[in-house]
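The letter at position 114 of the sequence shown is residue 96 when you use our numbering, and the numbering goes up by one with no holes.
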Amino acid sequence: MTSKIALVTGATQGLGLALVEGLAARLSTTDTVYLTSRDAGRVAQAVEAMPAGGAEIRGEVLDVAGPGAAGRLAERLAERHGGVDIVFGNAVMRVGPDDDPREIVDAYAEVNNFGTTRLLRAFAPLLRDGGRFLVVASSFGTLNHLAPALHDRFDGLSSLDEVDKQVAAWRDAVKDGSARAGDWPGFVNIPSKIGQVAAVRALAAQRREDDLARDILLAAVCPGMMNTPTSALWWDVRDAPSPAQAAADLLELVFRPADPAQYGELVRHGAVLPWAPVPPKID
């Protein structure tokens, strides 16, 4: 039996760290989970602190904001293992209530959006039969949270290049201030998450037939509200699940049979969130 290979980005804290621990606990001792992040010191510390038992946990430095970084790591893993079985795209730049969107949007889009499309380009071709590629997004990642006049920016895109082009246009509008005078929401997390889900949908449209035949699931996932320091800057999260509890829900998508209805969609607690507003019924 071929050993399973898993990779988690943004994995030195919070949800990413919990996903690594959960994967290692549920995989076998012959399997490997790659814990990745951009800081070598934090990667080493996180690997060292992992509990013993289960799959081997190996650290790798991966800055998804760096052009070519995801591709180079994908080449190394392909040489070592021949492919990958599980990928969680979890790298994220967080934004606080006091951050000026114009000042942070460059770095924000580079990590959250272009980092996502780089990861998809690099690792989706390496997925083996039965593979899972899950991009961590949020319930903000649907057109329901965007003004109707902007829906066509992200709806029906057929390539990752098209997604990158639309994300770049939004980023530039935030930077030059024109987004504030238009229909774009002020909370940069909303267009960014929509861009992530649009990227999954665009790639899924190209790969659907072959992936479903090979029991591969490509989807965006919403972990729901979590009790983390960053979320606490925006909301009251005292009663929200911990990252470990949220991770357990996402891991179910890895270890249960793939549901074709979830392919290419945004999934929360096992249910598909509609990408576009549902038209009202006319009696």
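Yeah, the Cβ is synthetic: ideal placement off N, Cα and C, and Gly gets one too. Note that the coordinates shown come from a computational prediction; the quantities given were computed from them, not determined experimentally.
How would you call S120, buried or exposed, if buried means at least 16 neighbouring beta carbons within 10 angstroms? Numbered from its first residue, the sequence shown carries residue 120 at position 138. Flag for S120 reads buried.
Alpha carbon to alpha carbon, what distance is there between W166 and T99? Locating residue 99 in the sequence shown gives position 117, counting from the first residue. Locating residue 166 in the sequence shown gives position 184, counting from the first residue. Approximately 22 Å, taken between the alpha carbons.
Which residues in the same chain as I39 place their Cβ atom closer than 6 Å to its Cβ, once the five residues preceding and following it in sequence are excluded? Residue 39 sits at position 57 when you count from the first residue of the sequence shown. Correct list, in chain order: A6, V15, L17, V29 and M32.
Using C-beta distances below 6 Å, list every residue in its chain close to I172, excluding the 5 sequence neighbours before and after it, in chain order. The residue given as residue 172 occupies position 190 in the sequence shown. Excluding sequence positions up to five before and after I172, its CB lies within less than 6 Å of the CB of F122 and H127, all in the same chain and listed in chain order.
Would R220 count as contacting chain D if we go by Cβ distances under 8 Å? Structure shown: chain D not included; a single protein chain is present.
What is the DSSP secondary structure of A(-12), reduced to helix, strand or coil? Indexing the sequence shown from 1 puts residue -12 at position 6. Reduced to three states, the DSSP call for A(-12) is strand.
Based on Cα-Cα distance, which residue from A163, A(-7), A26 and L55 lies nearest to A104? Looking up residue 104 in the sequence shown gives position 122. Comparing Cα-Cα distances from A104 to each of A163, A(-7), A26 and L55, the minimum goes to L55.
Going by alpha carbons, who is nearest to G164 out of A186, E191 and A129? As a first step, residue 164 must be located in the sequence shown, where it is residue number 182. Nearest option by C-alpha distance: A129.
If we ignore side chains and look at the alpha-carbon of each, how far apart do A201 and Q27 end up? Looking up residue 201 in the sequence shown gives position 219. Looking up residue 27 in the sequence shown gives position 45. Distance between the alpha carbons of A201 and Q27 is about 30 Å.
Can you tell me where the alpha helix (DSSP H) holding L9 begins and where it ends? As a first step, residue 9 must be located in the sequence shown, where it is residue number 27. Element bounds for L9: n/a, residue is neither H nor E.
With C-beta atoms as the reference, is D88 less than 8 Å away from K175? Within the sequence shown, residue 88 is the residue found at index 106, counting from 1. Within the sequence shown, residue 175 is the residue found at index 193, counting from 1. No. Outside cutoff.
When the Cα of V118 is compared with those of L139, G65, V179 and G159, which residue comes out closest? Residue numbering aside, residue 118 sits at position 136 when the sequence shown is read from its first letter. Shortest Cα-Cα distance from V118 to any of L139, G65, V179 and G159 involves V179.
Take R24 and list the residues in its own chain whose beta-carbon comes closer than 6 Å to its own, dropping the five residues that flank it on each side. Stepping through the sequence shown from its first residue, residue 24 is reached at position 42. For R24, where only same-chain residues beyond five positions count, the Cβ hits under 6 Å are T(-6).
Do the CB positions of V43 and R20 come within less than 8 Å of each other? Within the sequence shown, numbered from 1, the residue matching residue 43 stands at position 61. Within the sequence shown, numbered from 1, the residue matching residue 20 stands at position 38. Their beta carbons are under 8 Å apart, which means V43 touches R20 by this criterion.
Excluding the five sequence neighbours on either side, which residues of its own chain have a C-beta within less than 6 Å of the C-beta of A(-12), listed in chain order? Position 6 of the sequence shown holds residue -12. Answer for A(-12): L5, V15 and I68, listed in chain order.
Counterpart residues of G71 in DSSP-defined beta bridges: Sequence index remark: in the sequence shown, residue 71 carries index 89 (1-based). G71 is bridged to V117.
Reference A258; option with closest CA among G252, R183 and L194: Working through the sequence shown from its first residue, we reach residue 258 at position 276. Here the closest residue by C-alpha is R183.
Check whether the Cβ atoms of L101 and T(-9) sit closer than 8 Å, and answer yes or no. Along the sequence shown, read from residue 1 onward, the residue named residue 101 stands at position 119. Along the sequence shown, read from residue 1 onward, the residue named residue -9 stands at position 9. Yes. Within cutoff.
Please classify D267 as buried or exposed, where buried requires at least 16 other C-beta atoms within 10 Å of its C-beta. The requested residue 267 is not part of the displayed model; the chain covers only -17 to 265.
Taking buried to mean at least 16 other C-beta atoms within 10 Å of its own C-beta, is F115 buried or exposed? Your numbering for residue 115 matches position 133 in the sequence shown. F115 should be labelled buried.
For the beta strand (DSSP E) holding L128, just list the boundary residues, first then last. One-based indexing of the sequence shown puts residue 128 at position 146. Careful: L128 lies outside any beta strand (DSSP E) and carries neither H nor E.
Relative to the C-alpha of P223, which residue among V46, D146, G(-4) and D197 is closest? As a position in the sequence shown, residue 223 is number 241, starting the count at 1. Residue G(-4) is the option with its Cα nearest to P223.
Under a three-way DSSP split, which group does I86 fall into? Within the sequence shown, residue 86 is the residue found at index 104, counting from 1. I86: helix per DSSP, three-state reduction.
For A186, I'd like the list of residues in its chain whose CB is within less than 7 Å of its CB, leaving aside the five on either flank, ordered along the chain. Reading the sequence shown from its first residue, position 204 is the one you call residue 186. Cβ neighbours of A186 beyond the five flanking positions: L200, Y245 and G246.
According to the Cβ coordinates, are V66 and L1 closer than 8 Å? The residue labelled residue 66 in the question sits at position 84 within the sequence shown. The residue labelled residue 1 in the question sits at position 19 within the sequence shown. No. Outside cutoff.
Apart from the five residues on each side of it in sequence, which residues of its chain come closer than 7 Å, Cβ to Cβ, to V46? Indexing the sequence shown from 1 puts residue 46 at position 64. Here the set comprises T(-9), A52, A73, V93, G97, R100 and L101.
Starting from V249, follow the beta strand (DSSP E) in both directions and report where the run begins and ends. The residue given as residue 249 occupies position 267 in the sequence shown. That run of the beta strand (DSSP E) goes L248 to R250.
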